[in-house]
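Residue numbers (UniProt numbering), protein chains in the order written: chain E, 1 to 180; chain P, 1 to 1039.
Just so it is clear, CB atoms sit at the ideal spot from N, CA and C, and this is done for glycine as well.
Since the structure comes first, as C-alpha cells, the remarks are kept for the end.
Laid out in C-alpha cells, this is it:
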C-alpha cells in the first residue's frame, strides 16, 4: 500500500474528472477529515486517515481491501473505474443519464443503454463524456460513457446506443468475488 | 441287479451307429455270443421326408463282466453293414427307474405304519420353503413348527371336558403354553430345601457365616461407636435444648445450676449413649452416679450429681404420690446395669452383683437423705430388684443377646423417663416409630417411649404406667419439688462457685465440654481410689481407655459441631448463632435461657474482643489510609492513584516505582511528532494531488470551483458516512413545529400586551404622567396615544411599518419592549434592566421572550388589581380573548368582525380600516391594529359596560375554544409537515395520506369559524338591540 505516484494520480484524476470534474477537489480536500488515495495491488483505494493508520499495520499480502476501491490500473497503465466508486461519483456527478424503468434491468445486467431506454439526459453532455446512470427515482445504478452527445441523442433512432456501459450495481452480485 | 454269486452282470447297452436296415434279430444274434440278450429296443430316427437318418438300439445284456468287456472290445468302432458301431453303457431306462423308486417308496411307508418308531421326519423332505405350519408331505399330523423344527400335531383331551382338542404345534408351540404337572408343586419352602451339616463349624466357616469371636466383636462395637459419633452431637444439642424446657418449672437459680449441669451432662450422656451400644459404658456412667451419691466431696461431682439427685427425687416423689414403680425401676436398671456390665468379662459378673448391694445401700442412703418417706417402699422394691437381677443374671448366663438388649433398654427407659418427666407435655407421638437406633434418641430425653415398641417384662409396663402417672401428677411433683428445694440448696450453694467458674470457662462450649470431660475423669479417678478393688482396677484401666476414646470422640464431635454450627443453625439457632446477637434476641429467649444468654454473652465478649483485636489492626490501616503519601502527590501521583484505582485490588499498593511518566510523556511527544509527521505527509500528499488536479482540470477551472465552493458553502456529505438517525429526524420535526408555533404564539402575547397597554394606559392616565416622561421613546408614543387613539394607532402602524424591513424577531422585540415600557409606566416603576433590554433589542431574543412572558403575568395581575378600580379594566380583560381570537383568525375572521364593529363604532375605527385591509403588513402589525381597533371599540362602548358584562361569558367560552383552535392549527401544521428528503412519489403518497385529514381539519376549522362568527353576530345584534332600546328610551324620555 503506497500513495499514488504523479503519473498514476494524473491518469486517475484524468479518468475521475470525466465523471465528476473539479469535484475531485471535494474528495481530496474534505471538511470532515483527512482522506487520501492509496494504491494497493494495482487498485486505488480511497480511505480516511484512521483507516489508513489501521491498514498500515496490516501486511501487504494480507490486505484484501481497505476503504473503498475506486478502480484499478490495468497492465497497460490505464485506469478502470469500479462500481464501488459509484458512492463517490454519484453525489458529485456532472453529467447524468436517467433510465426508463423498462431499460433499468437491461442496464443492470450489463447492457449498454439504447435511446429507447433513455429517460432523461443532462444537457450539454458531450460525446465520450463520463455519465452517471440513474433510474427515474434518482437512484444511482452505475456509470458509463456517453456514446452520443445530447444533441445527437435527439436525432438518432431508438435502437442506437446512447451510453456505453461501464459499471452497474448489478456487478455487486455478478462479480461478487472479484470486487474489492 | 448284480448277481455277485454267479458273477453275471446285467447291463443295458446302447448300440449306436447302426445302419437302418439292421433288424432286431440281427442284434440278438450278434450279442448273444457274449451273454443273454433281452429287452431289445431298436429305434430309428426318421427325416422329415421319412428317410431314416440314424438308428440305435438298447438292449440288456446279461453275462459275465469279462464277456461284456470282450463284447465292447470286439464291436466298438467296428463296421457293420457300412456303418460304424458305437457301444456304450446305457442309462437306466425310465420305466425301470420309476419302478425302482416306487419300490423304494414302499419301504418307508411300511416303517411309518409302525407307531413305535416315532422319528420326527426331516425338514429336508419338504420341497420349497419350510414355513411354520406347512404339513410334511406324505406325513399326516406332522407340521413344521417355529424355528424349522418338525413337530407332531397332538390330539389331547382337556382335563375337565370330554372334548379332544387338536393342538397344532406350529400355532401353539413356543407361545409358552405350559402343561402343568400338579405333582411338581413344592410343598416345602425354598429355605427348607437347603440344610446344614451337623458337624461343628470351624473358625473360618463361622467367619463366613458372620459369627466372629468375642474379642473381635468388642472391636466392632467400638467401631460402631466411633461411627455413631455424629449422633451424640445432635443428642447433646437435644439435651441442651430440652434442658431449657426442663428448667421451666424450676427456680431461676436452680435453672442456672441445671444449665451448668446440662453442660456437664454431655459427657454423661455420651456415657449413656455408650451404654446403649456398649454395656461397659453403662457401668461407667452408673459408677459415676453411685460414688458421687456416696461421696459428695468433690464439687464437680456435686454438680453433676445434683441433677441426678433431682431425678431420683422426683421419682421418689412420684413413688410417694403414686404406686412408686419408678424408683424401683431405676434401681433395677442400675442393678441390672451392674449385672450386665460384666457381661464382657463373665468373671466379673459376680463382682458386679456384689457391687450392686453397695449401690443399693447408696441408693438407700440417698433415699433416706432425700426422701425418708419412701424407705418402706424401697425395701420392698429392693426385694423386687434382687429378683430382677437374678433373672437378668440368669439370662446372661444363657447368653441371650435379645434379652440383653431388652434389659438394656429397660435400664435406659427410666433414665429417659427421668428426663421425660419434666416434660409431660411431650407426648407419646414419636413412640410409634421406634427402631433400635431410635431408642438411642429416646435416651436423650425424647420421651422414654422405647418401652412401647419393646414387648418387655413387667418392668417396662410399670414404667409405662408411671410415665402416664407422671404426666398426670406433674403439678404435684412440681409442688413437692419446691418443698424439697430446701434439701437441694446446700448442694446448689456448693456448686455455685463452680458454676461461676464454669461459666467463665464456658466462653466456648467445646472448651467447657472438655473441662467437663476432665472433671468427669477426675470423678472417676476419685471413685476408683475409693473403691480399691483389684478387679475393679482392671476395670478402671479399661475404663480409662474407654474414657480416652470417649474424649477423642468428644473432640471429634466438637470439631464436627463447629463445622456444622453454620449448617444446622436452623433448629438450634439460639445456641449456634454466635456473633452479633441483637438485644431483641436476648429478649426473646429470656428466663430459663438466661444462663445460655450469659454463655452467649461470654462468647460474644470473646468474639468482640477478637473483633477489637482485629480492629486495632484495621485502625492502623485506617490511619495509614489517611497518611499523605509522597508518591501520590503531583501529576504523577494522580496518575498513580488512577492506576491503583484501575487495578482494583486494594491490597496491591502502587509505589513511586510504578510511575514511569517521563517515558510515557516522551512517548506521547513522540507519538504527537509522529502524528504531526504523518499529518504533514498527508498534507503534502494532498497538496501534490491538488497540483495534479490543477494540471488535469486546469488551474482556472479549479480556482473558479474553489471560489464557487467558498461562495456557496454547500456542505457535501459523504453518503457512506451518513447514517439514518431517527432521533435527529424527530428533532428536526420538533424544530419545525416550534417554528410553526412561534408565529402563532407571539401574536397572542402581542395582542395581550396591546390590550393591557391600552387599558392600563387609560387607568394610569388619571394617576400620573410623570413616569411617562421618564420613558424617552415611549413617552412620545404614549403622549400621542393620549392625544388620540387614532393618532396612536397611526404611530404604531408607522412604527411597525418601519420595522417590517427588519427581521420579524426585531419587530416583535420592539413591540414587546414598547409594551414593557408601557407597563412600567403603569407600574410607576422604571425597570432599568428593561431599559437596557430596550437599548439592546437584537441582542437576546429568547431572554426577552421569557421575560416578556413573566412580565405579562405580572401585568395580568396588575390589570386584575386595576380592574377593581375601574370598569374599563374589566372590559379590557374581556376583550383580551377576543383579541386573541381575532389574532388567530386574522384573515378570515377579523375583517368581518371589524366591519360589524365599524358599523356600530365611531369614525375612529373607520380610519383603522385601511390598516386592517392591508394584508401585506406583518402579522404582528396586523394584530396590533386589530387589537387596537377592538380596544377602541370597547372604549367607545364605555357606556355599555353592563352589556359587556353580559357578553363576558360568551368571551370566556371563546377562551375555552381557543385551546381547541390552537389544537386544530397544530394538527394542520403537523399534517402539512413533510420530510424534505421525500421524493416525488413519496410526496404524492404522503399527500394522499394526509389529504383527508387535512380536509377534515380545514372543514372543522371553517365550521368553528362560522360558529364563532354567528356567535359574535348574535352578540352584536344583542348589543345593537339594547342600544336601540336605550335610544328609544332616551327618545321616549326626551319626548
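Nonlocal neighbours in the same chain, by C-beta distance under 6 Å from residue i, ignoring five residues either side
i: residue 72 of chain E; result: 42, 43, 80
i: residue 120 of chain E; result: 98
i: residue 45 of chain E; result: 38, 66, 67, 69
CB-CB length for residue i against residue j, believed under 8 Å
i: residue 31 of chain P; j: residue 71 of chain P; result: 7 Å
i: residue 702 of chain P; j: residue 28 of chain E; result: Actually they are not in contact, since the Cβ atoms of residue 702 of chain P and residue 28 of chain E sit about 11 Å apart, beyond 8 Å.
i: residue 117 of chain E; j: residue 106 of chain E; result: 6 Å
i: residue 48 of chain E; j: residue 35 of chain E; result: 5 Å
i: residue 163 of chain P; j: residue 155 of chain P; result: Between residue 155 of chain P and residue 163 of chain P the Cβ distance is about 10 Å, and since that is not below 8 Å, they are no contact.
i: residue 160 of chain E; j: residue 115 of chain E; result: 5 Å
i: residue 108 of chain E; j: residue 141 of chain E; result: 6 Å
i: residue 22 of chain P; j: residue 81 of chain P; result: 6 Å
i: residue 126 of chain E; j: residue 149 of chain E; result: 5 Å
i: residue 20 of chain E; j: residue 86 of chain E; result: Actually they are not in contact, since the Cβ atoms of residue 20 of chain E and residue 86 of chain E sit about 11 Å apart, beyond 8 Å.
i: residue 82 of chain E; j: residue 163 of chain E; result: Residue 82 of chain E to residue 163 of chain E, Cβ: 18 Å. No contact.
Proximal residues of chain E, C-beta to C-beta of residue i below 7 Å
i: residue 692 of chain P; result: 6, 9, 10, 13
i: residue 677 of chain P; result: Ordered by position in chain E, no residue passes the 7 Å Cβ test against residue 677 of chain P, which lies about 13 Å from the chain.
Contact set for residue i: own chain, Cβ-Cβ below 7 Å, skip 5 residues either direction
i: residue 56 of chain P; result: 14, 15, 16, 18, 43
i: residue 132 of chain P; result: 144, 145, 146, 170
i: residue 34 of chain P; result: 61, 63, 67, 68, 70, 71
i: residue 33 of chain E; result: 48, 49
i: residue 158 of chain P; result: 165
i: residue 1030 of chain P; result: none
Partner residues on chain E for residue i, Cβ-Cβ distance less than 8 Å
i: residue 686 of chain P; result: 28, 29, 34, 36
Chain E contact for residue i (CB, 8 Å cutoff)
i: residue 706 of chain P; result: yes
i: residue 700 of chain P; result: no
i: residue 921 of chain P; result: With a pLDDT of 41 at residue 921 of chain P, under the threshold of 50, the modelled position of this residue cannot be trusted, and the question is left open.
i: residue 983 of chain P; result: yes
i: residue 754 of chain P; result: Because residue 754 of chain P carries a pLDDT of 46, less than 50, the predicted location of this residue cannot be relied on, and the following value inherits that uncertainty. Judged by the 8 Å Cβ criterion, residue 754 of chain P is not in contact with chain E.
i: residue 682 of chain P; result: yes
Residues that residue i contacts on chain P, provided the C-beta gap is smaller than 7 Å
i: residue 50 of chain E; result: Ordered by position in chain P, no residue passes the 7 Å Cβ test against residue 50 of chain E, which lies about 11 Å from the chain.
is_contact[residue i, chain P] using C-beta, thresh 8 Å
i: residue 124 of chain E; result: no
i: residue 102 of chain E; result: no
i: residue 17 of chain E; result: yes
i: residue 3 of chain E; result: yes
Chain P residues whose Cβ lies nearer than 9 Å to that of residue i
i: residue 25 of chain E; result: 690, 693, 697, 702, 705, 706, 709
i: residue 137 of chain E; result: 983, 984, 985
i: residue 21 of chain E; result: 697, 701, 705
Near the ligand FMN: residue i beta-carbon under 7 Å from a heavy atom
i: residue 12 of chain P; result: No copy of the ligand FMN appears in this structure; indeed no ligand is present at all.
For the 8 Å Cβ check, are there 3 or more pairs between the segment 682-699 of chain P and the segment 2-16 of chain E?
-> yes
Evaluate the contact criterion for the segment 170-180 of chain E versus the segment 123-137 of chain E: three or more CB pairs, one atom per stretch, below 8 Å.
-> no
Indicate whether the contact test is met: 3 or more Cβ pairs, each with one atom in the segment 37-52 of chain P and one in the segment 155-168 of chain E, closer than 8 Å.
-> no
Are at least three pairs of beta-carbons, each pair with one atom in the segment 59-78 of chain P and one in the segment 87-94 of chain P, less than 8 Å apart?
-> yes
Contact the segment 55-66 of chain E vs the segment 94-109 of chain E: 3+ CB pairs below 8 Å | no
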